[in-house]
Amino acid sequence: MSDGGPSQSVGVGSGAAVAMAPVQAPAEPKPPVHLSFALVLLLPLALLAWFVDHEIAQQTVAQATHQVGGHRLYKVSVGKAALSVRASQSAVYTFNVPVGATNAKVQGHFAATGDSGNDIEVRLFTEAQFTNWKNDHETPALYSSGKVSVGDVAAALPTAGTYYLVFNNKFSWLSAKTIQDNLVLSYVGR
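Take the sequence shown: its letters are residues 422 to 611, numbered as in this note's numbering.
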């Protein structure tokens, strides 16, 4: 006997049972509570932001196009809303009316400010008219304001094709002009 207490020896074929501790699978790490909570809050906010952005985009398209019996009414800004035309120069904006479009027109308002009369000349040309005008030939225009400070454009565009909106300040040798405009091309198409 030993002085440390009883001793037991168990042999391999001895019939005595060996007690074993249960084996546990390693514990899976749990994400921190604050991360799960943040995901629960952020996911609905992200979905809400996407929905609001999508609805605003749809409303913008709806404002730009309106359904008219299987066709759509398109509205496109022409010009820059605010521009400066240097002395003895012109600003030219080119735009197209697509093939198959009907009821094409340019409408809107413009105003000029600047020294020496606060005036500008606004003209709307077809491609052939514009070619003649830029080569200093007399030519009619779809719209011509004459020299004015403010004006309203209401011009029908006869066919599909390329058109030119001209803000002409060539008559003013010394003064640049600042133009504010809200001119819109509208047409019915597919």
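A virtual CB, placed ideally from N, CA and C, is assigned to each residue, including glycine.
The structure presented is a predicted model; accordingly, all values stated were derived computationally and were not measured.
Pair within 8 Å by beta-carbon distance, residue 612 and residue 590
In the structure as shown, the chain starts at 422 and stops at 611, and residue 612 therefore has no counterpart that could be examined.
So residue 531 and residue 571 are in contact, right, with Cβ under 8 Å, and what is the actual spacing, rounded?
What you label residue 531 is simply residue 110 of the sequence shown in a count that begins at 1. What you label residue 571 is simply residue 150 of the sequence shown in a count that begins at 1. Rounded, the Cβ-Cβ distance is 7 Å, consistent with contact.
Do residue 508 and residue 593 have their beta-carbon atoms positioned less than 8 Å apart in this structure?
The count along the sequence shown starts at 1 and reaches residue 593 at position 172. The count along the sequence shown starts at 1 and reaches residue 508 at position 87. Contact flag set, yes.
Using only CA atoms, which one of 500, 518, 597, 558 lies nearest to residue 584?
For this step, residue 584 is matched to residue 163 along the sequence shown. It is 518 whose Cα lies nearest to the Cα of residue 584.
Would you mind sorting residue 545 into buried or exposed? The rule is 16 or more other CB atoms within 10 Å of its CB.
Taking the first residue of the sequence shown as position 1, residue 545 is located at position 124. Buried.
In chain order, what residues of the same chain have a beta carbon less than 8 Å from the beta carbon of residue 605, not counting five sequence neighbours either side?
Taking the first residue of the sequence shown as position 1, residue 605 is located at position 184. The residues are 496, 497, 498, 499, 527, 528, 529.
Cβ atoms of residue 542 and residue 568: under 8 Å apart, would you say?
Within the sequence shown, the letter at position 147 stands for residue 568. Within the sequence shown, the letter at position 121 stands for residue 542. Yes; because the gap between Cβ atoms is below 8 Å, this pair is in contact.
What's the gap between the Cα of residue 521 and the Cα of residue 563?
Sequence index remark: in the sequence shown, residue 521 carries index 100 (1-based). Sequence index remark: in the sequence shown, residue 563 carries index 142 (1-based). Distance between the alpha carbons of residue 521 and residue 563 is about 20 Å.
Reference residue 580; option with closest CA among 491, 610, 596, 556:
Taking the first residue of the sequence shown as position 1, residue 580 is located at position 159. Ranking the options by Cα distance to residue 580, first place goes to 610.
Would you kindly report the start and end of the unbroken beta strand (DSSP E) that includes residue 590?
In the sequence shown, the residue the question calls residue 590 occupies position 169. Looking at the DSSP string, residue 590 is not in any beta strand (DSSP E), and its letter there is neither H nor E.
To the nearest angstrom, report how far apart residue 550 and residue 573 are at their CA atoms.
As a position in the sequence shown, residue 550 is number 129, starting the count at 1. As a position in the sequence shown, residue 573 is number 152, starting the count at 1. Their Cα atoms are separated by approximately 21 Å.
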